[in-house]
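Just add 8 to the spot in the sequence shown (first one is 1) and you have the numbering used here. Each remark here refers to the structure printed beneath this line.
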Amino acid sequence: MQLAKRLNKLPPYLFVDVNKKIAELRARGEDIISFALGDPDLPTPAHIIECMCQAAHNQANHRYPETGGLPTLRQAIAEWYERRFGVTLNPDKEVLPLIGSKEGIGHIALCFIESGDIALVPDPGYPVYSMSTIIAGGKPYFMPLKEENDFLPDFEAIPEPIASKAKLMWLNYPNNPTGATADIDFFEKAVHFARQHNNLAVCHDAPYTEVAFEGYKPPSFMQVSGAKEVGVEFHSLSKTYHMTGWRIGMVVGNAEMIDALFRVKSNLDSGIPQAIQRAAIEALRGSQNHIAEHNAILQRRRDKLIKVLAKIGLKARIPKATFYIWAKVPQGYTSIDFTKKLLDEAGIAVTPGIGYGKEGEGYIRFSLTLADDRLEEGVNRLSAWHARRC
């Protein structure tokens, strides 16, 4: 047996390793408080669950689904984009439901990247952007996200020989892992940059637009004139409706890119179970009251954690969106060293910044997706750990 050489280029997926380490410690009886994973602890709204239960009893939903999703779901996605962003989409040509946005993010590289091709990837960034490029035979060119530039890529700093050869450019705002946000002006610059380089397709990953605080409303890349000419936007029901385990998302925008992804998907998967699609329709068309309620909970958690991080000397920007806090590690530590120190000495799990790319070194990421009592215990442990060191 001989495995494909491309596997040698793939490191273990960051969160698999993190989960494994936490599980090992818990198996030994240790009480680990995990700020590591961005998996909402708050429940899926009851009306969505009820819709799913009813749909599961309908025999019509027991058969193979269509790769392109139910027409009603595509229409519901288009309606949601119109209500939320004022963006008009053709549900038959500019909308494609996904088995979670990660699936589409992973597959779209196969539509554009051939051996030796380049994808422009943010660093730090969601690991799937670079890994999908490598699986497709391409090479990631990493765009540094620097704190002094508000964690936005500098398009002018990309060497022209690289930019002219690049086939894909990944953007992600509100951003994981930094919590940074982007405005319409930035997206306009992205469209202009793509137009300057005719081979370049833009993929904007936007699962956190509805996780925002103090009245802030993150924009969509699709709101910019010309965005549909150069790219697509991935979105997800995972964060907005707390449906991470349901595996449903969508991609919208450029019809040619949507069709290309559909062709790949139709040969590799069999679509989203229809009962889940019915629940997604209910999510998009039903009550949205939970969004403000859940964001208020996350904001309280954010403020509590930011306060203790400042107390113990970990500098972090206060995020306007996402449920992540991107904190600097103390001088003299690597992100992995400090992550291990928190785990061993305080029973606190976080994710090391280096796991998101070279530019993530010197940072750790805290997620706010743990129950209030566990977050309270975590905050107390951090304070006690700091007191012992002083």
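Think of the CB as a built atom: it goes at the ideal place given N, C-alpha and C, for glycine as much as any other residue.
- Item | Simplified DSSP assignment, three categories, for Y134 | The count along the sequence shown starts at 1 and reaches residue 134 at position 126. In the structure shown, Y134 sits in coil (DSSP, three-state: anything other than H, G, I, E or B).
- Query: What separation, rounded to the nearest whole angstrom, lies between the Cα atoms of D158 and P327?
  - Reply: Working through the sequence shown from its first residue, we reach residue 158 at position 150. Working through the sequence shown from its first residue, we reach residue 327 at position 319. CA-CA distance, D158 to P327, rounds to 11 angstroms.
- Could you tell me which residues DSSP pairs with Y371 in its beta bridges? As a first step, residue 371 is located in the sequence shown; it is residue number 363 there, counting from the start. In the DSSP output, where bridge partners are listed per residue, Y371 has K336.
- Are the C-beta of A357 and some C-beta of chain B separated by less than 7 angstroms? The structure shown has no chain B; it contains just one protein chain.
- Query: For A127, which option in G321, D100 and K147 has the closest C-alpha, if you only look at C-alpha atoms?
  - Reply: Residue 127 sits at position 119 when you count from the first residue of the sequence shown. With distances taken between Cα atoms, A127 lies closest to K147.
- Task: Report yes if the CB atom of P73 is closer than 7 angstroms to the CB atom of I280, and no otherwise.
- Result: Here the question's residue 73 lines up with position 65 in the sequence shown. Here the question's residue 280 lines up with position 272 in the sequence shown. Cβ atoms of P73 and I280: closer than 7 angstroms.
- Cβ contact check for the segment 354 to 367 and the segment 109 to 128: 3 or more pairs under 8 angstroms: Between the segment 354 to 367 and the segment 109 to 128 there are fewer than three C-beta pairs closer than 8 angstroms, too few to call the two in contact.
- Query: Which value, in whole angstroms, describes the spacing of the CA atoms of A174 and F194?
  - Reply: One-based indexing of the sequence shown puts residue 174 at position 166. One-based indexing of the sequence shown puts residue 194 at position 186. As the crow flies, the alpha-carbon of A174 is around 19 angstroms from that of F194.
- Item | Whole-angstrom C-beta distance between M251 and T52, which should lie under 8 angstroms | As a working note, residue 52 is residue 44 in the sequence shown. As a working note, residue 251 is residue 243 in the sequence shown. Between T52 and M251 a beta carbon distance of about 5 angstroms is seen, short of the 8 angstroms cut, so the two are scored as contacting.
- Considering L179, what are the terminal residues of the alpha helix (DSSP H) in which it resides? The count along the sequence shown starts at 1 and reaches residue 179 at position 171. Under the DSSP assignment, L179 falls outside any alpha helix (DSSP H), being part of the beta strand (DSSP E) whose first and last residues are A174 to N180.
- Message: Cutting at 6 angstroms between CB atoms, please list the residues of its own chain near K323, excluding the five before and the five after it.
- Response: Taking the sequence shown and counting its residues from 1, one reaches residue 323 at position 315. Apart from the 5 residues on each side of it in sequence, K323 sits with its Cβ closer than 6 angstroms to the Cβ of K336 in its chain, given in chain order.
- Item | Inter-residue spacing [alpha-carbon to alpha-carbon] between I314 and N98 | The residue labelled residue 314 in the question sits at position 306 within the sequence shown. The residue labelled residue 98 in the question sits at position 90 within the sequence shown. The C-alpha of N98 is placed about 42 angstroms away from the C-alpha of I314.
- Could you check if A24 is buried or exposed, using at least 16 other CB atoms within 10 Å of its CB as the buried criterion? The residue you call residue 24 lines up with position 16 of the sequence shown. At residue 24 the sequence reads Val, which differs from the Ala that was named. The residue in question, V24, is exposed, as its Cβ has fewer than 16 Cβ neighbours within 10 Å.
- Message: If contact is defined by three or more beta carbon pairs under 8 angstroms, each pair taking one atom from either stretch, is the segment 345 to 359 in contact with the segment 190 to 207?
- Response: Taking one beta carbon from each stretch, the segment 190 to 207 and the segment 345 to 359 have fewer than 3 pairs nearer than 8 angstroms; the two do not touch.
- Task: Could you give the DSSP three-state label for M60: helix, strand or coil?
- Result: Locating residue 60 in the sequence shown gives position 52, counting from the first residue. M60 falls in the helix class under three-state DSSP.
- For the beta strand (DSSP E) that G386 lies in, which residues bound it at each end? Along the sequence shown, one-based indexing puts residue 386 at 378. G386: not part of any beta strand (DSSP E); member of the alpha helix (DSSP H) spanning D380 to R397, first to last residue.
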